[in-house]
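First to last, the protein sequences are chains H and E. Take the first sequence: its letter number 35 is residue 34 in numbering that gives the first Met the number 0, and every next letter is one higher. Take the second sequence: its letter number 116 is residue 115 in numbering that gives the first Met the number 0, and every next letter is one higher. Here is the structure we will look at, set down as structure tokens.
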Amino acid sequence: MKRILPAIVATLALSAANLASAETLRLLTWGSYAPDNIIKMFEEKYPDIEVEVTFSNNEEMIAKLRATGGAGFDLAQPSHDRIYAAQLEYDIYKPLDLSKIDMSNMEAKLLDGVKENTTIDGGVYAVPHQWGTSGLMADKSKAPDFSGWDDLCNAQYKGKTSMRLKRTILLGTAFSMGEDPFAAYSDLDKYQGILDKVADKLISCKENVKAYWKGGDDLQAMMLSGEIVASETWDSTAYKLFAENENIVFIPPSTGALAWIDTFALPRKGKADDAAYKWINFVMQPEMVKLMSASTGAMAAVKGAKDLLPDDKKAAVNAAFSDEDVQNLKFFANIPPGVEDMEGKTLEKIKAATGG
Amino acid sequence: MTSDAKKLSLLLLFIPFALWIALLIVLPHIGMFELSLKEKIAPRVYEYSLANYKNFVTEPIYWNTLLRTGGVSLLVTFLALLIGFPVAYYIAKVAGKRSKGALFLLCLIPLWVSDLIRAFGWILLLRETGVISTALQASGLIDGPIEFLYNDATVVMGLVYTVVLFMIVPLVSTLDGMDNEMIEAGYNLGGNGFTVLRRIIIPYAMPGIVAGCIVVFMLSAGSYLTPILLGGKNSSWFTEQIYDQFITRYNWESGAAFGFVLLIFTSFVVWLGLKLSGQTLSSTVAKS
Chain H
0 MKRILPAIVA TLALSAANLA SAETLRLLTW GSYAPDNIIK MFEEKYPDIE VEVTFSNNEE
60 MIAKLRATGG AGFDLAQPSH DRIYAAQLEY DIYKPLDLSK IDMSNMEAKL LDGVKENTTI
120 DGGVYAVPHQ WGTSGLMADK SKAPDFSGWD DLCNAQYKGK TSMRLKRTIL LGTAFSMGED
180 PFAAYSDLDK YQGILDKVAD KLISCKENVK AYWKGGDDLQ AMMLSGEIVA SETWDSTAYK
240 LFAENENIVF IPPSTGALAW IDTFALPRKG KADDAAYKWI NFVMQPEMVK LMSASTGAMA
300 AVKGAKDLLP DDKKAAVNAA FSDEDVQNLK FFANIPPGVE DMEGKTLEKI KAATGG
Chain E
0 MTSDAKKLSL LLLFIPFALW IALLIVLPHI GMFELSLKEK IAPRVYEYSL ANYKNFVTEP
60 IYWNTLLRTG GVSLLVTFLA LLIGFPVAYY IAKVAGKRSK GALFLLCLIP LWVSDLIRAF
120 GWILLLRETG VISTALQASG LIDGPIEFLY NDATVVMGLV YTVVLFMIVP LVSTLDGMDN
180 EMIEAGYNLG GNGFTVLRRI IIPYAMPGIV AGCIVVFMLS AGSYLTPILL GGKNSSWFTE
240 QIYDQFITRY NWESGAAFGF VLLIFTSFVV WLGLKLSGQT LSSTVAKS
């Protein structure tokens with residue numbers, strides 16, 4: 000006992016000293032957005048900062064921050080359309096000090112877009128990090144003519160398509176019906192009208208769909224095994240599959256792929272802002288961007304991002320996107336209050352409908 | 000002095016239980032209940048009202064899903080009883096002393112693996128390009144691939160598989176306490192196998208049956224992973240609705256209300272079951 004006691008005291012003292020000198024950067028981010036090799040290099044450059052990562056998704060990030068009023072994490076990475084309304088409703092972020100972020104290298108179009116979407120009372124709440132699109136993918140050898148959102152409901156591919164029952168498919172279907180859902184955000188009655196039409200379409204489409212996928216893994220399994228020939232997808236998932244089977248390509252829908260931008264935002268009660276800014280500047284350096292994109296499969300919001308992709312991903316992007324497709328991108332618009340509820344109800348209606 | 004010491008030790012024994020109940024069960028439920036009574040008027044403005052409960056009653060999708068969940072859970076309970084009873088009877092009455100422990104262990108083994116992994120196991124077996132479909136095709140029994148996954152039958156099967164153990168354990172412990180001579184006496188008095196089962200074994204095992212049914216029903220109505228992973232396009236489950244309200248719709252108020260609706264509904268079904276079978280909680284769950 001006498002010998003154990005000093006040891007305990009020493010350990011306690013040591014850990015107290017650790018706490019005093021080392022800062023912890025608690026990241027709340029997407030799976031693959033904080034690869035081990037980058038964390039290691041960051042910790043080597045800043046030995047007094049320790050990085051702790053929690054993987055999550057848009058909805059769960061907001062739920063986690065809402066539960067604590069914005070405490071528990073120092074840097075979050077929600078998509079650009081999930082900041083404005085969440086901040087208005089739950090007050091979970093704090094404005095960025097832009098002077099501490101090196102923005103010289105950022106792609107101006109994306110930076111301005113994110114700033115515009117996330118400015119509240121003069122404060123900017125987010126800067127862009129990674130961007131990518133949601134669209135379609137198809138096995139070219141089995142579905143050579145696949146080109147638009149409505150092809151998911153094409154009887155030619157009956158029982159061989161899949162989609163995720165989330166808001167993306169509502170928006171994509173609306174575009175394929177010639178509507179502009181983002182423009183209708185300002186007139187919610189009109190938007191409800193669009194949603195009703197979309198719901199009818201997707202309910203009648205149910206028998207065409209094999210199953211609704213829930214995460215990247217089950218989508219990949221269905222696609223690689225050939226159980227489905229086409230699906231709604233994230234581009235990064237399609238690029239991954241392209242590496243395994245060159246017939247599986249990402250297809251920007253004829254009405255335009257839907258583009259998202261994942262951002263950096265500071266939780267309101269974060270405790271390590273300086274470390275967070277250091278992380279932002281660190282991972283936006285060109286050499287880090289290359290490593291990051293290899294892990295995420297998405298493009299960074301820096302100039303010339305496509306050239307910083309690893310070779311296999313670059314080939315996949317080139318196989319998918321022409322310059323016109325890039326011009327045709329539809330960026331997700333800010334979600335105004337109330338829309339989440341309307342969309343949620345519509346999705347429930349589709350799921351509960353018995354057809355197919 | 001000694002009685003004081005006794006009181007103190009009683010108190011000390013009681014404290015962990017009281018803390019557990021108060022801090023982890025009662026307090027969170029009070030918080031949830033308060034949350035469920037709030038209605039969002041405008042961003043960051045909430046008012047007390049019954050709107051969330053009214054919303055549940057007026058929207059058929061919600062109570063249909065709840066009834067569906069309840070119905071399927073009853074079916075799961077019934078099937079678990081049907082499968083679990085013979086297994087429990089064999090372990091308790093037929094198997095020898097030594098094989099008893101081994102058999103019991105065999106029943107426990109699936110519990111060592113998490114729900115999630117077991118669900119993925121089923122997915123590997125049942126999918127269109129999975130083990131069973133491929134094997135059937137190779138044996139020439141079927142021509143094309145068959146999809147076993149993504150339908151309600153799969154969900155029922157997956158749930159029965161997950162919960163059947165919780166039926167077997169209370170049944171074994173009840174049947175274990177039954178004197179074999181009672182069964183022999185039944186036969187001696189001229190009863191056939193069915194009469195003995197109906198008049199002697201089942202009435203004796205009733206507390207175990209009811210206890211198992213309650214646990215199994217609650218587990219299956221409250222399960223989330225199995226219905227989500229194995230279910231198909233049309234299989235809605237009420238816990239999924241609660242998750243959606245909380246997470247994808249940011250509507251904690253309504254999610255909390257749904258949580259209470261589920262609690263009240265399952266409690267009601269259990270109460271009804273106890274009334275119909277003429278049992279009480281103290282004679283069943285508390286006993287086994």
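For each residue, glycine too, the CB sits at the ideal point set by N, CA and C. Just so you know, these numbers come straight off a predicted model, no measurement behind them.
(Q) Is there a C-beta anywhere in chain H that falls below 7 angstroms from the one on E:Arg248? (A) yes
Q | Through-space distance from E:Pro109 to E:Val159, alpha-carbon basis | A | 13 angstroms
Q: Measure how close the beta-carbons of E:Arg248 and H:Glu88 come, nearest whole angstrom, since I'm counting them as under 8 angstroms.
A: Not confirmed; about 12 angstroms, so no contact.
Q: Determine the chain H residues that contact E:Tyr149 at a beta-carbon separation under 7 angstroms, and present them in chain order.
A: Ala210
Q | Close beta carbons around H:Ala275, own chain, < 8 angstroms, minus the five adjacent residues each side | A | Leu24, Asp73, Leu74, Phe263, Leu265 and Gly269
Q: Look at the alpha carbon of H:Ala33 and the alpha carbon of E:Leu66, and state the distance between them as a whole number of angstroms.
A: About 43 angstroms.
Q | Any C-beta of chain E under 7 angstroms from that of H:Glu88 | A | yes
(Q) Could you tell me the alpha carbon to alpha carbon distance between E:Gln240 and E:Gly192, rounded to whole angstroms? (A) 46 angstroms
Q | Euclidean distance between Cα positions of E:Tyr292 and H:Leu169 | A | An answer regarding residue 292 of chain E cannot be provided, because it is not within the stretch 0 to 287 covered by chain E.
Q) Which first and last residues belong to the beta strand (DSSP E) in which H:Leu24 is found? A) In the DSSP assignment, H:Leu24 falls within the unbroken beta strand (DSSP E) covering Glu22 to Trp29.
**Q.** E:Asp3 - DSSP class collapsed to helix/strand/coil
**A.** helix
Q) To the nearest angstrom, how far is it from the Cα of E:Ile213 to the Cα of E:Ala79? A) Roughly 12 angstroms between the two C-alpha positions.
Q. What's the call for H:Gln155, buried or exposed, on a 16-neighbour Cβ count within 10 Å?
A. exposed
Q | Candidates H:Ser224, H:Thr295 and H:Lys302, of which the one nearest H:Phe54 by Cα | A | H:Thr295
Q) So which residues of chain E does H:Pro127 contact, with C-beta pairs closer than 9 angstroms? A) Neighbours of H:Pro127 on chain E: none; closest Cβ ~23 angstroms, over 9 angstroms.
Q: Could you pull out every unbroken beta strand (DSSP E) segment of at least 3 residues lying fully inside the segment 254-309 of chain H, listed in chain order?
A: 257-263
Q.
Short of 7 angstroms in beta carbon distance, which residues of its chain neighbour E:Ala87, apart from the five on each side in sequence? Order them along the chain.
A. Cβ contact annotation for E:Ala87 (same chain, cutoff 7 angstroms, sequence separation greater than five): Ile167, Leu170, Val171 and Leu174, in chain order.
Q. Taking just the CA atoms, how far does E:Ser235 sit from E:Leu49?
A. 25 angstroms
Q) In chain order, what residues of the segment 308-326 of chain H put their CB closer than 9 angstroms to some CB of chain E? A) So nothing in the stretch comes that close.
Q: List the DSSP bridge partners of H:Glu51.
A: Looking at the DSSP output, H:Glu51 shares a beta bridge with H:Arg25.
Q) Alpha carbon to alpha carbon, how far is H:Lys399 from H:Ser321? A) Residue 399 of chain H cannot be examined here, being either before or after the span of chain H that is shown, 0 to 355.
Q: Could you tell me if E:Tyr186 is buried or exposed, where buried requires 16 or more neighbouring beta carbons within 10 angstroms of its beta carbon?
A: exposed
Q | Below-7 angstroms beta-carbon distance, E:Lys37 vs any chain H residue | A | no
Q. Within the 7 angstroms Cβ cut-off, does H:Ser358 reach chain E?
A. Absent from the model: residue 358 of chain H. The displayed extent of chain H is 0 to 355, so no value can be given.
Q. Whose Cβ in chain E lies nearer than 8 angstroms to the Cβ of H:Pro336?
A. Pro42
Q) Ordered along the chain, which non-local residues of its own chain (more than five positions away) have a Cβ less than 6 angstroms from that of H:Trp212? A) Ser161, Arg163 and Leu218
Q) Among H:Ala297, H:Asp111, H:Lys305 and H:Phe249, which residue has its Cα nearest to the Cα of H:Ala319? A) H:Phe249 is the residue among H:Ala297, H:Asp111, H:Lys305 and H:Phe249 whose C-alpha sits nearest the C-alpha of H:Ala319.
Q. Are any of the Cβ atoms in chain H nearer than 7 angstroms to that of E:Ser281?
A. Cβ-Cβ to chain H under 7 angstroms: no for E:Ser281.
Q. Excluding the five sequence neighbours on either side, which residues of its own chain have a C-beta within less than 8 angstroms of the C-beta of H:Glu42, listed in chain order?
A. Ile48, Glu49 and Val50
**Q.** Test item: CB-CB of H:Glu206 and E:Ile60 under 7 angstroms
**A.** no
Q | Beta-carbon proximity check, H:Tyr124 vs H:Pro77, cutoff 7 angstroms | A | no
Q: Output, in chain order, the set of chain E residues within a Cβ distance shorter than 8 angstroms of H:Gly255.
A: Result: empty, since nearest Cβ-Cβ is about 24 angstroms, beyond 8 angstroms.
**Q.** alpha helix (DSSP H) segment containing E:Val214, residue limits
**A.** Ile201 to Ala220
Q | Beta-bridge partners of H:Pro335, as assigned by DSSP | A | The partner list for H:Pro335 (beta bridge, DSSP) is empty, contrary to what the question assumes.
Q. Taking Cβ-Cβ distances shorter than 8 angstroms, what residues in chain E pair up with H:Thr353?
A. Asn233
Q. So, does the CB of H:Lys63 fall closer than 7 angstroms to a CB anywhere in chain E?
A. no
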